[in-house]
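Right, one structure below, let's go through it.
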Amino acid sequence: MIRLALAAVVALLSTAPLAAQSVDALAGKRVVVLGDSNTQAGGYVGFTTYYLEKLYPEKTFDVLNLGLASETLSGLSEDGHAGGAFPRPCLFERLGRVLEKARPDVVFACYGMNDGIYLPPDKDRTAAFQKGVTRLVEQCHAAGVKQVYLVTPPVYDFTPKAGEFNYDAVLAEYARWETTLKTPGVRVIDLHTAMRKARDARAEPFSKDKVHFGDDGHLLVARTILAALGVKAPDEPLATIKADPLYRLVEQKRALRSAAWMRHTGYTREKTVRPEPLGSAEADASRLQEKIDALRRR
């Protein structure tokens, strides 16, 4: 029943106006994926890249996963974040270096979960998030990025008792606002609505801690992004995907490049990691891509 419900959600998304987009928006282009801890974990980026490689063997894909845990667009941080060890990082400390060094043609950005700092709705916090989204788009376009995909925040996976505050109301409002944007060179993928529908159709939460979802959540995010690009991914179990040698190679390459490029662009989170050379990472990634291409040609 759960798999059928998820399939129905993705089927609905694939008929939405954004489905007019094509996988050619990504093929042959440098794609950078930005976001917080769920993006840094890499699951949905790996699943998305896997299906692009698998379903379009005649095309080439260059996807860099550069998410950073705890990160915001708003620049806000709650008192005592991480036990008082450090404030939340803000994307704009590193975005200029990411754009300069990676030179993306396409950027995906999924923010919002941390931007309301887990407090009730507040006009100033909302305005800070909206200003951050606008600034992100402006800096990307100024750097030559042709297309920005704003992925609305996932759900805060919490079932409140009567009268109890649910932070998901904040994320739903952030998502609603993003879907109203009509900015040239920007497309909005409404993950929040897709994830809420899927969550309401299943008994178990996607996340054990309300924020960080497991593999099934990451797969839903990937399917939502792919559906928005007009890509119909097969309805198959996680175990089948993870048993595929192609998936394992794609994930190995993703993790290798993500770690190397994070160090190459530098970031501040608890401590400052200053930019360093890429070293052999891209050569190692190219060798993995040769193995990927061999499997794709079978």
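Read in order, the letters of the sequence shown correspond to residues -19 to -1, 1 to 279 in mature numbering (1 follows the signal peptide of the UniProt record, and there is no 0). Where a beta carbon is used, it is the ideal one built from N, C-alpha and C, also for glycine.
Assuming Leu230 contacts Leu201 (C-beta within less than 8 Å), just tell me the rounded distance between them. With 8 Å as the limit, Leu230 and Leu201 do not qualify as a contact, their Cβ atoms being about 23 Å apart.
Give me the residue from Arg75, Ala123, Lys112, Val136 with the minimum Cα distance to Phe187. Val136
Below 8 Å between beta carbons: does that hold for Thr53 and Asn95? yes
Three-state secondary structure (DSSP) at Phe110? helix
Expected contact under 8 Å - CB spacing of Pro70 and Ser51 to nearest Å: 6 Å
Any beta-carbon of chain B closer than 8 Å to the one on Tyr228? Structure shown: chain B not included; a single protein chain is present.
Whole-angstrom Cβ separation of Ile273 and Glu34, contact assumed at under 8 Å? 6 Å
Write down every uninterrupted run of the alpha helix (DSSP H) in the stretch 145 to 171 whose length is 4 residues or greater and which is fully enclosed by it, in chain order. 149 to 160
Can you tell me the Cα-Cα spacing of Leu49 and Ala22, whole angstroms? 9 Å
Taking only the alpha-carbon atoms, compute the straight-line gap between Ala182 and Leu172 and give it to the nearest angstrom. 15 Å
Measuring CA to CA, which of Thr140, Tyr148, Asp86 is closest to His122? Asp86
Starting from Asn19, trace the alpha helix (DSSP H) in both directions and tell me its first and last residue. 18 to 22
Can you tell me whether Phe28 is buried or exposed, with buried defined as 16 or more other CB within 10 angstroms of its CB? buried
Where does Tyr248 sit, in a helix, a strand or coil, going by DSSP? strand
Verify whether the separation of the beta carbon atoms of Thr246 and Arg11 is less than 8 Å. no
Arg277 (DSSP reduced to helix, strand or coil): helix
May I ask which residues mark the beginning and end of the beta strand (DSSP E) holding Ala90? 87 to 91
For the beta strand (DSSP E) containing Val132, name the first residue and the last one. 128 to 132
Proximity below 8 Å, CB of Val151 to CB of Pro218: no
Count the other C-beta atoms from every protein chain shown that fall within 10 angstroms of the C-beta of Asp5, then say buried if there are 16 or more, exposed otherwise. exposed
Cα-Cα separation, Ala143 to Ser239: 42 Å
Beta-carbon proximity list for Ala214, same chain, < 7 Å, skipping 5 on both sides: Tyr32, Arg204, Leu207
Is the distance from the Cβ of Pro141 to the Cβ of Cys91 below 8 Å? no
Out of Arg84, Ala264, Gly198, Val132, which has the shortest C-alpha to C-alpha gap to Ile170? Val132
For Thr14, does the three-state DSSP call read helix, strand or coil? For the sequence presented, residue 14 should be read as Val rather than Thr. It is a strand residue.
Is Ala(-12) buried or exposed, if buried means 16 or more other CB atoms sit within 10 Å of its CB? Confidence is the limiting factor: at Ala(-12) the pLDDT is only 41, short of 50, which leaves the residue's position unreliable, though a coordinate-based value still follows. Exposed: under 16 other Cβ atoms inside 10 Å.
If the criterion is Cβ atoms closer than 8 Å, does the pair Tyr155 and Phe110 meet it? yes
Helix, strand or coil at Thr29 according to DSSP, with G and I counted as helix: helix
Contacting residues, own chain, Cβ-Cβ under 8 Å from Arg235 (five flanking each side not counted): Gly23, Val26, Gly27, Thr30, Val44, Asn46
Ser51 (DSSP reduced to helix, strand or coil): coil
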